[in-house]
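For the record, the sequence lines run as chains P and S. Number 40 in this note's numbering belongs to position 40 of the first sequence; there are no gaps in the numbering. Count along the second sequence from 1, then add 206; that gives the number in this note's numbering. The beta-carbon is built from N, C-alpha and C at its ideal position, and this holds for glycine as well. The block underneath contains the structure these notes are about, expressed in structure tokens.
Protein chains: 2
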Amino acid sequence: MAEKEIPNVIIGRLPVYLRALRHIQAQGQQTTSSQELGEMVGVSAAQIRKDLSQFGEFGKQGTGYNIAFLVDKLREILKVDRVWDVVVVGMGDMGHAIARYQGFANRGFRVVMVFDNNPALIDQKVGEFVIRDARVMVRAIHEAGIKVAMLTVPASAAQSVANQLVEAGIKAILNYAPISLNVPHGVLLQYIDPSTGLQRMTYYLD
Amino acid sequence: MAEKEIPNVIIGRLPVYLRALRHIQAQGQQTTSSQELGEMVGVSAAQIRKDLSQFGEFGKQGTGYNIAFLVDKLREILKVDRVWDVVVVGMGDMGHAIARYQGFANRGFRVVMVFDNNPALIDQKVGEFVIRDARVMVRAIHEAGIKVAMLTVPASAAQSVANQLVEAGIKAILNYAPISLNVPHGVLLQYIDPSTGLQRMTYYLD
DNA sequence: TAGATTGTTAATCGATTAACAATC
DNA sequence: TAGATTGTTAATCGATTAACAATC
Chain P
1 MAEKEIPNVI IGRLPVYLRA LRHIQAQGQQ TTSSQELGEM VGVSAAQIRK DLSQFGEFGK
61 QGTGYNIAFL VDKLREILKV DRVWDVVVVG MGDMGHAIAR YQGFANRGFR VVMVFDNNPA
121 LIDQKVGEFV IRDARVMVRA IHEAGIKVAM LTVPASAAQS VANQLVEAGI KAILNYAPIS
181 LNVPHGVLLQ YIDPSTGLQR MTYYLD
Chain S
207 MAEKEIPNVI IGRLPVYLRA LRHIQAQGQQ TTSSQELGEM VGVSAAQIRK DLSQFGEFGK
267 QGTGYNIAFL VDKLREILKV DRVWDVVVVG MGDMGHAIAR YQGFANRGFR VVMVFDNNPA
327 LIDQKVGEFV IRDARVMVRA IHEAGIKVAM LTVPASAAQS VANQLVEAGI KAILNYAPIS
387 LNVPHGVLLQ YIDPSTGLQR MTYYLD
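Right, here's the structure in full:
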């Protein structure tokens, strides 16, 4: 029997559930329901239950879900029950902000190296990091076995840097450059583009 | 006859098409096809054609789409054939980066005010802006008639600032705080959370 | 003309919702 | 026990794809 393939759209919702669960957990709540969680994240209760049921039976009839337990399960499913080393490439304002961002702690990621190709920036400090020369990037990433990268270079450089990241063995790229990238099959890609985010809303404004 | 309601999932793809079209336009190309555009953005040619056909007939059999014309149409549809004034709230590293970001030019947005509640930051300059006191925010936004906001405050403050933005008349919020927000019906919301973006990929890694 | 590519229809595929027996 | 809420099934709804006549 073939393994059941979980739809990507469901995987996309799990991090949102996890984030919301962490939030109510931090407020000391022990238990929640599909109803309550659904209201928090803007999804129907039926969908929450359906999504979670793809991975097991995590709730109890009558009482709902134990938050700590469900958080553990989601962390396991999303493979963030470990810490992924991440590189940041491009030390402009955005790369700077990302390198110093405290929000990765406890969410499964840790920035370990940052790069730029600007001689004026190389060897400068950003937060706790020393900016390294992009020319040593491929080798350094490869040697450290890093699989996850955040790309914060200008759009004009993004594709060629992405190619280098792939060459270095990176398997997941979070792209902040406002441009569609091409990567080989097997390399994952997510986009963060504020203009695109805003344009998804202006359609509905007048 | 009721106006046809365009599915939200289609609206979400249009900014990506627009971004790609701008890119090939900048390279001097005049014309493209659903095939070519689809390959650039990772969507089937049939879907590109279907999406665009919701809004009119923008192509020509045999020759495809005139890029300049299609760009104009998409800008019109997405209502970015004008410039939307935007406020940024929260002048930490991320707000700083956003306030100085050059990528909004020509994409329909212009940052016009930035706020923080930290007395040490108020009246300091960030790029071309002077950071204003969050206590005057509601009034200032209301008086300026601003409809679009970017929220870059800590998660712990995000909901209460969002409430103030709604009170001030903001209709679209791009939220960088890693937390699900509650806003009234009629207020639009998009999320930018790097951890969530990364967690959507780690599921597929090993 | 011949070749290319659109816009659209119908078929397929997939995702969401409603409903409820099971059970805590 | 009575009330609440799960996990799951079947029904509905919506989105994607394949195919092709129209036509540039």
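Assumed close pair G64/P, T32/P - CB separation to whole angstroms, cut-off 8 Å: 6 Å
is_contact[I347/S, chain P] using C-beta, thresh 9 Å: no
Chain S contact for M1/P (CB, 9 Å cutoff): Note that M1/P scores 39 on pLDDT, short of 50, meaning its location in the model is unreliable; the coordinates nonetheless yield the value given after this. Closer than 9 Å: no.
Min CB distance G42/P to chain S below 9 Å: yes
Residue-level contact to chain S via CB, R100/P, 9 Å cutoff: yes
Beta-carbon spacing of V148/P, M407/S below 9 Å: yes
Exposed unless 16 or more other CB atoms sit within 10 angstroms - verdict on G42/P: exposed
Nearest-angstrom Cβ-Cβ length linking N66/P and Q30/P, presumed shorter than 8 Å: 7 Å
Neighbour flag for Y271/S against chain P, beta carbons, 9 Å: no
Beta carbon proximity, N117/P to chain S, threshold 9 Å: no
CB contact below 9 Å: R110/P versus chain S: no
Residue-chain proximity (P178/P, chain S), Cβ-Cβ < 9 Å: yes
Cβ-based burial, D322/S [other Cβ within 10 Å; buried from 16]: buried
CA nearest to the CA of Q231/S, picked from D278/S, L404/S, S259/S: D278/S
A172/P and L404/S closer than 9 Å at C-beta: yes
Three-state secondary structure assigned by DSSP to L121/P: coil
contact_flag[the segment 102-115 of chain P, the segment 77-91 of chain P] where n(CB pairs < 8 Å) is 3 or more: yes
Option in E57/P, Y204/P, L174/P with minimal Cα separation from S401/S: L174/P
Other residues of its chain near V336/S: CB distance less than 7 Å, five sequence neighbours each side excluded: D329
Simplified DSSP assignment, three categories, for L74/P: helix
Closest residue to R135/P among Y191/P, G127/P, K125/P, Q164/P (Cα-Cα distance): Q164/P
C-alpha distance - I179/P paired with T152/P, whole-angstrom precision: 11 Å
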